[in-house]
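Novice:
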Amino acid sequence: MLAALLTTGLFAVTAVFARRAALALGATAANFWRLALATVVLGVWTALVGRGLGVAGGWFFLGGVAGFGLGGLAMFHSLPRAGSNLSTLTVQCGSVVVALAGEGLWLGTVPTGYQLACIGVILAGVLLGLAPRGLPQFAPRQLRIGAALAALSACGQGAGQVLSRHAFAVARGLGEAVSPPTAAFERAVAGLLVAALALGAVWACRRRDAVRGEHGCAPAGTPRAGGEDGSCAPVAQSSSFCVRQSVLRRAAPWVVLNAATGPVLGVVCLQWALRTTPAGVVQSVVALAPLLTAPLAWRLGEAVPRGRYFAGAAVAVAATVALFSPEVVLWGKR
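Quick note, the sequence shown lines up with residues -14 to 319 if you use this note's numbering.
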């Protein structure tokens, strides 16, 4: 339980940092640089305290492609199109469903009725606390794209957790203990490759548009000069070096904080939790992260939590305590 709770707290703060980094640098670039930094840090950590890449490295790599790669990239791009509330709710709640279904169908890990009831109440509390009063004020097409990207992110992150669970089971069956930093590093490498391909595609499109002399909206991931909704003008190709440097300086603290609390510490704690606890229950606890993000975002000048936020938080926390009650046999089949 401790590992899952630590993951929840870290993911709560990293969501705030990720939004600030994406607004300053662009979604694709912010995602790439946070993963690049995380890969370096996790690589050093693994070299110092890890036990090698291990026999299950391929499964962790696939988990990174699904979770870090596709899931993370889709999440970054859903934020400016569907808003943080709708995107985060879709990702966190949807990934619980995907993790439960994946474990049941593939790994045979089936929760009892009691666990399913607790998980359902947790998700209901999250929805009660954070569901928007109406649809975000975006263009209908952008909103549909954002919602689809959030759903894709939920599938990727849920599948990534299940793949990690399978990787730990494979290693355990062969008598090998995989350290959480090693698992996180193998996932980060995969995510970085996906992010690099996406960033390369964005820059190729920018170069093509520059050659054609087009002056419309830049593709997602283009460094932007500012703007809270991400809709401001991109930094032009002819911008001065000083302008580019100012964008990087403004984004750097948020990228560093996002990398430290998300792909590094957050994912290490997540792998620690998945090593011993099924993905469905871990992800249901991590779904509480948006409830913790709301007051942090408010402290940074964003929307004030509404009254039903506190009711939803109370319901979700109570259900989490019930889920981890010592009297309960957590899982009927492993």
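We put the CB at the ideal spot given by N, CA and C, even for glycine.
Can you have a look at S310 and say buried or exposed, based on whether 16 or more other CB atoms are within 10 angstroms of its CB?
Specialist: Under this definition S310 is an exposed residue.
Novice: On the CB-based measure, 16 or more other CB atoms within 10 Å of its CB, does W91 come out buried or exposed?
Specialist: By the neighbour-count rule (16 or more Cβ atoms within 10 Å), W91 is not buried but exposed.
Novice: Which same chain residues, not among the five before or five after A237, have their C-beta less than 8 Å away from its C-beta?
Specialist: Cβ neighbours of A237 beyond the five flanking positions: none.
Novice: What three-state label does DSSP hand P248 in the structure shown?
Specialist: Three-state result, P248: helix.
Novice: Find out if the Cβ-Cβ distance for the pair Q146, V267 is shorter than 8 Å.
Specialist: Yes, Cβ-Cβ distance for Q146 and V267 is below 8 Å.
Novice: With a threshold of 16 other CB atoms inside 10 Å of the CB of Q142, please say whether the residue is buried or exposed.
Specialist: Counting Cβ neighbours within 10 Å, Q142 comes out buried, since at least 16 surround it.
Novice: What are the boundary residues of the alpha helix (DSSP H) that includes Q100?
Specialist: Residues G98 to L115.
Novice: If I measure Cβ to Cβ from L159 and keep anything under 6 Å in the same chain, skipping five residues before and after, which residues do I get?
Specialist: So the qualifying residues of the chain are V40.
Novice: DSSP three-state call for M(-14): helix, strand or coil?
Specialist: Three-state DSSP puts M(-14) in coil, outside helix and strand.
Novice: Using DSSP with H/G/I as helix, E/B as strand and the rest coil, what is G197?
Specialist: A small correction: the amino acid at residue 197 is Arg; Gly does not occupy that position in the sequence shown. Helix at R197.
Novice: Where do the ends of the alpha helix (DSSP H) carrying S310 lie?
Specialist: Looking at the DSSP string, S310 is not in any alpha helix (DSSP H), and its letter there is neither H nor E.
Novice: Please classify G158: does DSSP put it in a helix, a strand, or coil?
Specialist: Helix.
Novice: Can you tell me whether DSSP reads F123 as helix, strand or coil?
Specialist: In this structure, F123 counts as coil in the three-state DSSP scheme.
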